[in-house]
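Residue numbers (my numbering): 223 to 591. Think of the CB as a built atom: it goes at the ideal place given N, C-alpha and C, for glycine as much as any other residue. Small disclaimer: the values here were computed from a predicted structure and weren't measured.
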Ligand code: SF4
């Protein structure tokens with residue numbers, strides 16, 4: 223299968239931890255930008271006529287900050303320029319501070335059937351500290367508008383002063399408001415972001431404290447029927463993200479928009495991170511690609527193993543053999559032997575033991591050659 227990712231790089235203001243490609247002061251460019259995305263879809267669509275796309279993911283930035291009619295137009299354009307499957311999963315990311323009933327109605331008319339809502343925390347003081355534009359009440363109002371819809375909520379761990387009670391309260395809020403899926407991520411303090419200073423000052427919880435919050439959150443999620451299927455992702459039965467599963471299965475995807483990445487026909491490539499350059503390139507009929515590389519066989523094998531081990535589905539030896547013609551345990555003999563104590567083996571499948579999945583990065587470094 224294949225997916226389409228569309229990046230909408232506009233936000234109302236920059237969050238203190240954010241190093242995504244997002245431009246808080248350039249909302250006025252949304253119309254010109256979307257016209258370029260429509261054109262890029264047409265250019266890419268011509269190259270990919272033979273492919274069928276089963277998922278669309280509209281991420282950002284804050285896709286819900288722009289006029290919803292641009293999103294409606296985008297979906298029309300994707301349906302015109304790509305071959306979408308009969309029943310595609312179509313997700314949009316939303317900030318609860320930018321949503322109203324009319325927007326949701328337009329999204330639904332556009333064919334969007336999955337909503338990813340950036341809650342992060344239910345604690346208003348922590349939200350303000352993160353520079354988020356929304357409050358707990360905004361999330362509650364957003365969830366009321368999404369009643370009966372398939373929606374996911376993002377929960378963040380490792381915030382300054384965050385307690386177990388905050389985590390409990392946040393998970394309870396998301397679950398009680400009807401989320402079918404919860405993504406629970408640890409904050410990564412990136413150099414160059416305002417929150418990095420808090421990190422350098424030792425004001426953020428350390429790795430062990432975050433791991434404790436994660437284990438606590440995982441237990442609560444399980445109690446509420448959300449089962450982990452990837453290190454940061456928990457779902458009620460039947461609501462796993464098809465788009466993300468495609469990434470973890472090393473499936474193909476095309477990225478549209480500034481900074482969007484793609485993986486197609488064995489090549490990984492990335493668009494420019496510069497908004498003006500993106501617009502200029504598209505207007506002159508060129509793809510705005512700034513990095514491109516063929517993935518060699520050794521890298522492809524490592525990607526397969528690394529991505530599969532992030533999930534509870536693990537590595538299928540049969541699937542590996544089908545793709546590469548070899549035995550993964552032979553290809554990674556030394557790493558496999560070293561990490562065996564952390565692995566569960568059942569028939570054809572090898573996965574990281576449940577209790578070690580959170581620290582999978584440390585295990586996976588053994589597989590890097
Ligand atoms: S809303 Fe998301 S993309 Fe926008 S600034 Fe905040 S974290 Fe970054």
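Cβ-Cβ separation, residue j to residue i (assumed contact under 8 Å), whole Å
{"i": "residue 310", "j": "residue 278", "result": "6 Å"}
{"i": "residue 321", "j": "residue 367", "result": "6 Å"}
{"i": "residue 466", "j": "residue 455", "result": "7 Å"}
{"i": "residue 341", "j": "residue 396", "result": "6 Å"}
{"i": "residue 451", "j": "residue 462", "result": "5 Å"}
{"i": "residue 319", "j": "residue 360", "result": "5 Å"}
{"i": "residue 372", "j": "residue 345", "result": "That belief does not hold up - the Cβ atoms of residue 372 and residue 345 are roughly 26 Å apart, past 8 Å."}
{"i": "residue 384", "j": "residue 348", "result": "6 Å"}
8 Å Cβ shell around residue i - same chain, five flanking residues per side excluded
{"i": "residue 418", "result": "411, 412"}
{"i": "residue 528", "result": "586, 589"}
{"i": "residue 482", "result": "227, 228, 229, 492, 493"}
{"i": "residue 288", "result": "230, 232, 249, 252, 256"}
{"i": "residue 437", "result": "580"}
{"i": "residue 295", "result": "256, 260"}
{"i": "residue 570", "result": "538, 539, 540"}
{"i": "residue 262", "result": "478, 479, 504, 509, 510"}
{"i": "residue 497", "result": "231, 245, 248, 251, 255, 480"}
{"i": "residue 282", "result": "229, 230, 231, 232, 233, 242, 244, 315"}
Other residues of its chain near residue i: CB distance less than 6 Å, five sequence neighbours each side excluded
{"i": "residue 408", "result": "379, 380, 432"}
{"i": "residue 594", "result": "Beyond the ends of the chain as shown, which are 223 and 591, falls residue 594; an answer cannot be given."}
{"i": "residue 236", "result": "246"}
{"i": "residue 280", "result": "228, 314"}
Of the listed residues the options, nearest to residue i (C-alpha basis)
{"i": "residue 330", "options": "489, 293, 465", "result": "293"}
{"i": "residue 387", "options": "328, 290, 442", "result": "442"}
{"i": "residue 286", "options": "316, 542, 308", "result": "316"}
{"i": "residue 382", "options": "369, 540, 406, 424", "result": "424"}
{"i": "residue 521", "options": "562, 461, 550", "result": "550"}
{"i": "residue 515", "options": "490, 485, 276, 575", "result": "490"}
{"i": "residue 275", "options": "584, 247, 312", "result": "312"}
{"i": "residue 337", "options": "385, 506, 464, 556", "result": "464"}
{"i": "residue 350", "options": "239, 225, 564, 561", "result": "239"}
{"i": "residue 376", "options": "385, 369, 343", "result": "343"}
{"i": "residue 332", "options": "297, 392, 559", "result": "297"}
{"i": "residue 517", "options": "472, 393, 535", "result": "472"}
{"i": "residue 535", "options": "557, 352, 572", "result": "572"}
{"i": "residue 273", "options": "264, 223, 284", "result": "223"}
Contacts around residue i, its chain only, beta-carbon distance under 7 Å, and the 5 residues preceding and following it disregarded
{"i": "residue 523", "result": "546, 553"}
{"i": "residue 447", "result": "458"}
{"i": "residue 510", "result": "493, 494, 499, 500, 503, 504"}
{"i": "residue 582", "result": "453, 531, 532, 574"}
{"i": "residue 449", "result": "456, 457"}
{"i": "residue 291", "result": "328"}
{"i": "residue 564", "result": "574, 575, 578, 585"}
Residue interval of the beta strand (DSSP E) (run including residue i)
{"i": "residue 513", "result": "511-516"}
Delimiting residues of the alpha helix (DSSP H) encompassing residue i
{"i": "residue 317", "result": "Segment: none, residue 317 is in no alpha helix (DSSP H) and carries neither H nor E."}
{"i": "residue 465", "result": "464-470"}
{"i": "residue 421", "result": "417-422"}
{"i": "residue 369", "result": "Residue 369 -> no alpha helix (DSSP H), and no H or E assigned at all."}
{"i": "residue 545", "result": "539-546"}
{"i": "residue 328", "result": "323-332"}
*Would you call the segment 297-304 and the segment 264-282 in contact, with 3 or more CB pairs under 8 Å?*
yes
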